[in-house]
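Adding 1 to a residue's 1-based position in the sequence shown gives its number in our numbering.
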Amino acid sequence: MLNPYYADLHIHIGRTNSGKPVKISGSRDLTFAGIAKEAAERKGIQLVGIIDCHVPGVQEDIQACLASGEMEELEGGGIRYRDTTILLGSEIEIREPGQGAAHVLVYLPDLSVMASLTDWLSKRMKNITLSTQRLHAPARSLQEEVLRLGGVLIPAHIFTPHKSIYGSAADHMSEVLDLSLIDAVELGLSADSEMAGWISELDKFTFLTNSDAHSLGKIGREYNQLLMQKPTFDEFKKVIRREDGRQVLINYGFNPRLGKYHRTFCGNCGEVLDEAENAVDRCLYCGSPKIVRGVLDRIRSIADREQPYLPPYRAPYQYQIPLEFIPGLGPRKLEALIADFGNEMNILHQAPEEELAAIAGAGPAAVIVQARAGNVRLQAGGGGTYGKVLGKES
Numbered sequence: 002m003l004n005p006y007y008a009d010l011h012i013h014i015g016r017t018n019s020g021k022p023v024k025i026s027g028s029r030d031l032t033f034a035g036i037a038k039e040a041a042e043r044k045g046i047q048l049v050g051i052i053d054c055h056v057p058g059v060q061e062d063i064q065a066c067l068a069s070g071e072m073e074e075l076e077g078g079g080i081r082y083r084d085t086t087i088l089l090g091s092e093i094e095i096r097e098p099g100q101g102a103a104h105v106l107v108y109l110p111d112l113s114v115m116a117s118l119t120d121w122l123s124k125r126m127k128n129i130t131l132s133t134q135r136l137h138a139p140a141r142s143l144q145e146e147v148l149r150l151g152g153v154l155i156p157a158h159i160f161t162p163h164k165s166i167y168g169s170a171a172d173h174m175s176e177v178l179d180l181s182l183i184d185a186v187e188l189g190l191s192a193d194s195e196m197a198g199w200i201s202e203l204d205k206f207t208f209l210t211n212s213d214a215h216s217l218g219k220i221g222r223e224y225n226q227l228l229m230q231k232p233t234f235d236e237f238k239k240v241i242r243r244e245d246g247r248q249v250l251i252n253y254g255f256n257p258r259l260g261k262y263h264r265t266f267c268g269n270c271g272e273v274l275d276e277a278e279n280a281v282d283r284c285l286y287c288g289s290p291k292i293v294r295g296v297l298d299r300i301r302s303i304a305d306r307e308q309p310y311l312p313p314y315r316a317p318y319q320y321q322i323p324l325e326f327i328p329g330l331g332p333r334k335l336e337a338l339i340a341d342f343g344n345e346m347n348i349l350h351q352a353p354e355e356e357l358a359a360i361a362g363a364g365p366a367a368v369i370v371q372a373r374a375g376n377v378r379l380q381a382g383g384g385g386t387y388g389k390v391l392g393k394e395s
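Following this line, the structure appears as structure tokens:
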């Protein structure tokens with residue numbers, strides 16, 4: 002029997018239990034055990050991908066969790082903590098000659114296999130103790146090693162201006178990676194399925210929407226609903242390959258206008274260029290060339306079809322506004338909602354408006370419910386600044 006499960010598959014580790022940094026920009030409370038607890042208890046996420054598990058210090062922390070009996074490795078891959086399964090992952094920076102850098106995600110079935118990847122990376126990476134370090138080897142050699150280990154490789158946040166396949170590396174993914182060794186891609190916070198549908202080489206890939214969380218609160222800001230028999234690594238592989246009825250049911254993600262890099266930003270006049278016209282080389286307002294190209298503008302510049310195409314197997318993309326973006330919903334009200342409804346997934350998807358209003362007030366409750374249908378007014382983000390939720394549609 003197949004069942005739906007919520008999944009966020011891109012969460013970074015900030016520190017090891019001993020306090021050693023892993024993701025420099027990550028919060029100190031982003032430990033392996035801390036992430037598992039947050040995902041299982043507050044967020045209500047049943048499958049979570051913890052990145053940076055290639056780091057030896059993180060592997061020591063995982064061993065301690067297993068030895069204590071708090072967690073256990075599963076047949077079929079993954080580690081179980083309460084009702085949540087953890088997939089062991091790693092984010093790696095690749096750079097081919099003549100191209101910019103890009104990030105890719107690797108997922109492996111168990112700790113022993115991840116240790117094998119660590120051994121392989123340590124000979125091709127300067128600092129194995131930190132997250133997202135540069136691979137000093139061809140990207141395709143990484144793909145081949147991941148295949149040998151029985152894992153999967155997924156390009157990360159593929160459109161962001163910094164460190165992504167389309168945003169900074171190349172106009173075509175095929176210039177960087179062997180497409181036959183990829184099953185899925187991660188869209189990133191500033192793009193949705195329709196925007197990706199302008200690029201034909203993406204048609205065959207499963208799309209994933211993940212948080213890329215650098216703090217506990219950001220876990221679940223984007224996520225997926227997966228249809229599978231049970232949350233394990235083997236079942237996840239079937240999902241992204243769309244095998245035996247397994248599939249992504251829904252991608253829950255930002256409306257791209259909320260993303261930090263949706264539209265082009267001018268570093269000279271400080272404006273987000275939220276216009277119908279595409280910003281190519283200069284600011285549309287002041288003419289300055291000091292711009293950070295937005296995801297929408299970048300996609301328009303490399304699109305190879307006149308209209309976006311969504312294959313029949315493409316999961317619907319449902320706009321989901323994280324609770325921290327809801328106007329008037331401060332930390333105290335959020336804690337009260339979690340205490341009453343159990344976790345954030347219940348608040349986002351199931352709680353009736355009148356029950357939300359009794360705790361958080363009519364305004365925040367209305368926006369939460371309207372967000373389920375995408376009926377909210379937004380201000381576009383750009384240049385590293387998130388967009389804003391202005392309220393429900395009138």
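C-beta atoms are modelled at their ideal positions from N, C-alpha and C, and glycine is treated no differently. This one's a predicted model, so the numbers in the text were calculated from it and none came from an experiment.
Using only the alpha-carbon positions, how far apart do residue i and residue j sit?
i: Asn256; j: Asn211; result: 13 Å
i: Arg43; j: Asn344; result: 5 Å
i: Leu67; j: Ala34; result: 11 Å
i: Ala367; j: Tyr224; result: 22 Å
i: Ala358; j: Gly375; result: 19 Å
i: Ala337; j: Arg141; result: 49 Å
i: Ser302; j: Val293; result: 14 Å
i: Gly254; j: Ala138; result: 33 Å
i: Leu188; j: His158; result: 5 Å
i: Ile87; j: Cys54; result: 11 Å
i: Met72; j: Tyr310; result: 43 Å
i: Gly198; j: Gln319; result: 15 Å
i: Asp295; j: Gly268; result: Per the sequence shown, residue 295 should be read as Gly rather than Asp. Rounded to whole angstroms, Gly295 to Gly268 spans 12 Å at the Cα level.
i: Phe234; j: Ile12; result: 16 Å
i: Trp121; j: Phe326; result: 41 Å
i: Arg373; j: Ile129; result: 41 Å
i: Met300; j: Leu180; result: Per the sequence shown, residue 300 should be read as Ile rather than Met. One C-alpha to the other measures close to 19 Å.
i: Ala340; j: Leu228; result: 28 Å
i: Gly79; j: Leu178; result: 26 Å
i: Glu74; j: Leu335; result: 33 Å
i: Thr396; j: Glu92; result: No information on residue 396 is available, as it lies outside the stretch 2 to 395 that the chain covers here.
i: Glu355; j: Gln134; result: 48 Å
i: His350; j: Val49; result: 19 Å
i: Gly99; j: Leu190; result: 27 Å
Could you check whether residue j and residue i sit closer than 7 Å to each other, using their CB atoms as the reference points?
i: Lys261; j: Gly101; result: no
i: Leu259; j: Thr265; result: no
i: Ile322; j: Val390; result: yes
i: Ser69; j: His215; result: no
i: Val105; j: Pro156; result: yes
i: Gln380; j: Pro232; result: no
i: Tyr82; j: Ala8; result: no
i: Glu94; j: Ile220; result: no
i: Ser165; j: Ala103; result: yes
i: Gly152; j: Leu109; result: yes
i: Gln144; j: Leu3; result: no
i: Gly364; j: Gly329; result: yes
i: Asp84; j: Leu217; result: no
i: Asp204; j: Pro353; result: no
i: His263; j: Leu209; result: no
Comparing the C-beta of residue i with each C-beta of chain B, is any distance below 7 Å?
i: Val147; result: Protein chain content of the structure displayed is limited to a single chain, and chain B is not contained in it.
Per DSSP, which one or two residues make a beta bridge with residue i?
i: His104; result: Glu94
i: Asn4; result: Met229
i: Gln64; result: Paired residues: none, contrary to the question.
i: Asp9; result: Val49
i: Arg81; result: Glu73, Thr86
i: Lys389; result: Gln380
i: Cys267; result: Ile292
i: Tyr320; result: Gly254
i: Leu109; result: Leu89
i: Arg135; result: Glu94
i: Arg16; result: Pro22
With a threshold of 16 other CB atoms inside 10 Å of the CB of residue i, please say whether the residue is buried or exposed.
i: Tyr314; result: exposed
i: Cys270; result: exposed
i: Glu61; result: exposed
i: Ala185; result: buried
i: Lys124; result: exposed
i: Arg149; result: exposed
i: Ser169; result: buried
i: Met196; result: buried
i: Cys287; result: exposed
i: Gln308; result: exposed
i: Gly246; result: exposed
I believe residue i touches residue j by the beta-carbon criterion, under 8 Å. Please report the beta-carbon distance rounded to the nearest angstrom.
i: Asn347; j: Gly90; result: Wrong, their Cβ atoms sit about 26 Å apart, outside the cutoff.
i: His163; j: Glu202; result: The pair is not a contact, with the Cβ atoms about 22 Å apart (cut-off 8 Å).
i: Leu154; j: Leu182; result: 7 Å
i: Ile360; j: Pro317; result: 30 Å between Cβ atoms; not a contact.
i: Phe160; j: Ala192; result: 5 Å
i: Ser132; j: Val240; result: Not really, about 25 Å apart at Cβ, beyond 8 Å.
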